[in-house]
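Position in the sequence shown counted from 1, then plus 5, gives you this note's numbering.
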Amino acid sequence: MNKKKILLVEDEKVLMETVTLRLEANGYEVISAYDGFKGLEKAKKEKPDLIILDLMLPKMDGYKVCGLLKADTRYNKIPIIMFTARAQESDKKMGKEMGADAYITKPFEPQALLEKISELLRNEK
């Protein structure tokens with residue numbers, strides 16, 4: 006069975022490494038990008054099965070990346086999890102408006118992230 010490919014867009018290096026290790030330990034292939042522009046580029050080139058997207062990113066924020074991908078019929082079926090320290094209702098609302106499929110706030114519970122990934126990948130067909 007092919008490994009599911011996850012694009013992780015996160016500018017915090019330690020968090021990037023921690024989440025990558027956790028995902029790989031659970032059988033996922035992980036591609037990473039440290040800024041919004043690179044994240045958008047990699048999403049289009051690699052067509053991952055799911056994207057974990059930080060909001061506060063250099064070059065292009067997560068809302069913009071999410072909005073651009075969800076507006077493009079070639080990529081709008083890819084589930085996107087907003088992954089951010091911004092926990093205000095207005096941030097979550099904005100994420101939904103941009104087309105995010107889920108919203109996980111940092112600090113996060115690793116098991117909750119894995120369950121959300123599993124749920125979104127089961128739903129996509």
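Idealized CB from N, CA, C, for every residue including glycine.
Endpoints, the alpha helix (DSSP H) within which Ala30 is located: Start and end: Lys18 to Ala30.
Integer-rounded CB distance, given that Lys64 should sit under 8 Å from Gly41: Your pair Gly41 and Lys64 checks out as a contact, with CB atoms roughly 5 Å apart and the cut at 8 Å.
Unbroken stretches of the alpha helix (DSSP H), 4 residues or longer, contained in the region 43-78: Within the region 43-78, the runs of alpha helix (DSSP H) that reach at least 4 residues and sit entirely inside it are, in chain order, 67-75.
Start and end residues, alpha helix (DSSP H) containing Lys101: Unbroken alpha helix (DSSP H) run through Lys101: Glu94 to Glu102.
Ala38 - partner residues in DSSP beta bridges: Bridge partners of Ala38: Val14.
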